[in-house]
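Data first, discussion second: the structure below is written as structure tokens.
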Amino acid sequence: MEGTNAYSVIYTKKFKKQYKKIHGKNTRLETELLHVIAMLQTDTPLLAKHENHRLKGKVKHLSECHILPDWLLIYEKDTDARILVLVEMGTHTNLFG
């Protein structure tokens with residue numbers, strides 16, 4: 008993203024692997040995912056439908072949002088360093104059992 012205030016994005020190996028599985032196969036999912044990432048990267052508030060929230064317990068430093076009703080994105084934002092880490096994505100069942 009352009010602009011000095013945009014977050015730099017770091018993709019974990021797990022996220023890259025999951026993205027590769029959907030790339031070019033589910034256009035709606037991929038489009039929504041890229042839209043949400045752009046919003047996160049520019050600090051644009053997500054819509055209510057994204058159900059953005061912090062996780063609890065051992066992963067309380069992470070956040071989760073809905074890309075589609077049953078497709079989630081787990082990420083971490085470092086506001087001081089302006090870094091957005093895309094940790095993983097998938098269905099609720101795949102991510103949390």
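Per my numbering, the very first residue in the sequence shown carries number 8; after that it's consecutive.
Every residue, glycine too, gets a C-beta built ideally from N, C-alpha and C.
Since the model is a prediction, treat every value here as computed from it, not as a measurement.
Where residue i falls, given that 16 or more other Cβ within 10 Å makes a residue buried
i, result
"E95", "buried"
"G64", "exposed"
"H99", "exposed"
"L91", "buried"
"L41", "exposed"
Extent of the continuous beta strand (DSSP E) to which residue i belongs
i, result
"Y1", "There is no way to answer for residue 1, as the model of the chain reaches only from 8 to 104."
Opening and closing residue of the alpha helix (DSSP H) in which residue i lies
i, result
"H42", "T34 to Q48"
Residue i versus residue j: straight-line alpha-carbon distance, rounded
i, j, result
"M8", "G104", "Any answer about M8 is weak, because its pLDDT of 43 lies below 50 and its placement is not dependable; what the coordinates show is given next. Taking the straight line joining both Cα atoms gives about 34 Å."
"K67", "K84", "12 Å"
Closest by C-alpha distance to residue i, when choosing among the options
i, options, result
"D77", "N101, Y18 and H42", "N101"
"I74", "T51, K23, K65 and E37", "E37"
"R89", "L47, K21, L69 and L40", "L47"
"Y18", "Y82, D87, D50 and E58", "Y82"
Continuous beta strand (DSSP E) assignments of at least 3 residues falling wholly in the region 55-99: Restricting attention to beta strand (DSSP E) runs no shorter than 3 residues, the region 55-99 encloses them at 70-75, 78-85 and 90-97, ordered along the chain.
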